[in-house]
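Comments concern the structure below.
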């Protein structure tokens, strides 16, 4: 074998490794909740990757919990956040409850669905950003693959907050995409505090799909003022109740 | 001519000199730059001045107009002028109207009674309209669009839209002589997208070199393609910060180059830095160093690119406003405005999604000041298991009587499935209060 060929093979192997996306070696962001991080390859969310977040529950079209879940992740990242909107229902004072300071968020508002994905991709080309969040309804395989590749190149995580307004659009959110993880956040009955009032909210967090990992479900306490999730105290010491499901394809 | 001289004994005859008239108009337009930087001559006899933002310097639109007329008449020029929201309306009003200043948002009503000649239409079209008995703009505006377009062509609809402000009408402003600009004339007309891109990159590189010599950076850039049929296609982009980075500037146009219709070919292209700011070489160096170290993230390029794609007003940050009323507590600021460090108090629980308008819900509370026991929203019944409140928010009385907001008692409620809502009662319980749903929590 000639010396030049060896280099070519080495370069090709490296390229294949890159294309495969070896997430175990990639930089990750841990949730700080052991039960959750244990189930994710690499002990957290891979950074340069596309993550999809949907909302289940009674008022799912407003995706209140999914928004706060995403904001909580963004709050724990460093750097400015680009948030691409397509409706005017986001209420920024609510994001402060997850620790996302208004100085850090730049909003890009588009009312046309086709403008959202290019705007997100534009943000991913900028290396200084902490994260790109986009509220999208349609996210096909090709479009999501583009986002995933752009995220891999720049190392900026991108979160697709799936919104829907009609039942037909809701069915679209179930279609396969190239996202590395797909989460579903639903509100869950919270524990009553000793006095009348409301305690910390609880979520039913479903990891529906995870490349290199298995789907799983948790019941978690919602984001606190620093964007951290927590395992509920009354559930933490009990044996694991969530049913283990078969790994989905991929 | 002999006939008219016979009719009027002392008739003074002058030869028409259209070229000199046009040159004099441009000279006059240059003089008008004193009122606003955006001035466009409108041959044969008009000048447009975009006074948005500059009228305050003269003490209001009325005073500006009076000043303009007084100075012109001192020079021996008789002029009529008017101010309106759209160039079309101002054109019509100055020639056919009686109001000097058309107040904002009253344009449509003000121009309705003007003759159709105020629409800047060709004589043949005007004749056709007259034959139909259409004399006023009001009558034309009431006509259905499709037959009108079929009969008179697209121009009538376009002029009407421009008059009413439904269609944007760009002014082609006079370029002050010292504006940095670069022009490229082609031996053969071009039309391919790849060629246009190449031309743009070359122009941008040349222009940035000029700017570097003058220590200046671009804030607004106009790209003008001159087609062989004498129609110009103009594109404009703005930047958030002064820059003279040629590849970046060229990229801002990239997206919109595809929309340029080259027609039969483009014979010249011009890149004009219509707004420039001082930018020294040290600043550029400092910016590049910042990017290399990655410490203070420079977002101006991202903001420029997104602004060119979506429109500059669509990129923003949100800033707290000191108001208890949820809808008023948020203000949009420029995306690159200096960081204030201020945030909304995290101790107040606020929903992540706020409905644009609160929605009526049917709710029943067991006791007057208690949260509701259940409520029906969008035909779904939610049973309230836990609740927190009330948080009373009263109206801002200092805003005067037009503030319809009196009092709201907000409750955070959790239904039997764990979903949390923000609902309020718009009056004390004993005064026929109604319940509204305003936001959705996490």
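Chains as they are written, first to last, in my numbering: chain S, 1 to 250; chain G, 1001 to 1442. Ideal Cβ positions, reconstructed from N, Cα and C, are used throughout, including at glycine.
- Residue burial annotation: residue 1245 of chain G is buried, with at least 16 other C-beta atoms found within 10 angstroms of its C-beta.
- Residues of the stretch 20-54 of chain S that bring their beta carbon within less than 8 Å of a beta carbon in chain G are absent altogether.
- Residue 1379 of chain G carries a coil assignment under DSSP once its states are collapsed to helix, strand and coil.
- Listed along the chain, the chain S residues whose CB falls inside 8 Å of the CB of residue 1415 of chain G are 58.
- Chain G places a beta carbon closer than 8 Å to that of residue 97 of chain S, counting this residue as a contact.
- Put simply, the CB of residue 105 of chain S is near chain G, with a gap under 8 Å to one of its CB atoms.
- Following the DSSP letters along the chain, one finds residue 1010 of chain G in no beta strand (DSSP E), marked with neither H nor E.
- Taking 8 Å as the cut-off, the Cβ atoms of residue 1163 of chain G and residue 1088 of chain G count as close.
- If only uninterrupted beta strand (DSSP E) runs of at least 3 residues are considered, those enclosed by the stretch 1167-1226 of chain G are 1181-1190.
- About 3 Å separates the beta carbons of residue 1242 of chain G and residue 1217 of chain G, which is inside the 8 Å limit, making them a contact pair.
- The beta carbon of residue 1307 of chain G is closer than 6 Å to those of 1315 in its chain, skipping five residues each way along the sequence.
- Taken atom to atom, the span from the alpha-carbon of residue 1083 of chain G to that of residue 59 of chain S is near 50 Å.
- Residue 1232 of chain G is not a Cβ neighbour of residue 1040 of chain G, given a cutoff of 8 Å.
- The beta carbon of residue 1134 of chain G does not come within 8 Å of any beta carbon belonging to chain S, so the residue lies off that interface.
- Taking a C-beta cut-off of 8 Å against chain S, the contacting residues of the stretch 1308-1324 of chain G are 1309, 1310, 1314, 1315, 1316, 1317, 1318, 1319 and 1320, listed in chain order.
- In this model, residue 1440 of chain G and residue 1278 of chain G are separated by some 48 Å (Cα to Cα).
- Unbroken beta strand (DSSP E) stretches of 3 residues or longer found wholly inside the stretch 1402-1432 of chain G: 1407-1415 and 1420-1425, given in chain order.
- Beta-bridge analysis with DSSP links residue 1270 of chain G to G:1183 and G:1224.
- At a beta-carbon threshold of 8 Å, the residues of chain S lying near residue 1330 of chain G are 91, 92 and 93, ordered along the chain.
- Taking all protein chains in view, the Cβ of residue 1093 of chain G is crowded by 16 or more other Cβ atoms within 10 Å, so the residue is classified as buried.
- Chain G places a beta carbon closer than 8 Å to that of residue 118 of chain S, counting this residue as a contact.
- For residue 120 of chain S, the number of other beta carbons within 10 angstroms of its own is at least 16, and it is reported as buried.
- Proximity of residue 171 of chain S to chain G, defined by a Cβ-Cβ separation below 8 Å, is not satisfied.
- Residue burial is scored here from C-beta neighbours: residue 1130 of chain G has fewer than 16 other C-beta atoms within 10 angstroms and is therefore classed as exposed.
- Pairing residue 70 of chain S with residue 161 of chain S gives a Cβ-Cβ distance under 8 Å.
- Interface criterion met: the Cβ of residue 1356 of chain G is under 8 Å from a Cβ in chain S.
- The residue from G:1238, G:1370, G:1188 and G:1247 with its alpha-carbon nearest to that of residue 1206 of chain G is G:1247.
- If you draw a 10 Å sphere on the C-beta of residue 148 of chain S, you find 16 or more other C-beta atoms in it, and that means buried.
- Excluding five sequence positions before and after residue 104 of chain S, the CB atoms of its chain that fall closer than 6 Å to its own CB belong to 80 and 81, given in chain order.
- Straight-line measurement puts the Cα of residue 1326 of chain G at about 12 Å from the Cα of residue 1352 of chain G.
- Per the C-alpha coordinates, the member of S:117, S:98 and S:12 positioned closest to residue 1345 of chain G is S:98.
- Burial is judged here by how many other beta carbons sit within 10 angstroms of a residue's own beta carbon; residue 102 of chain S has at least 16 and is buried.
- Rounded to whole angstroms, the Cβ separation of residue 1420 of chain G and residue 1435 of chain G is 16 Å, and the two are not in contact under 8 Å.
- The DSSP-derived three-state label of residue 223 of chain S is coil.
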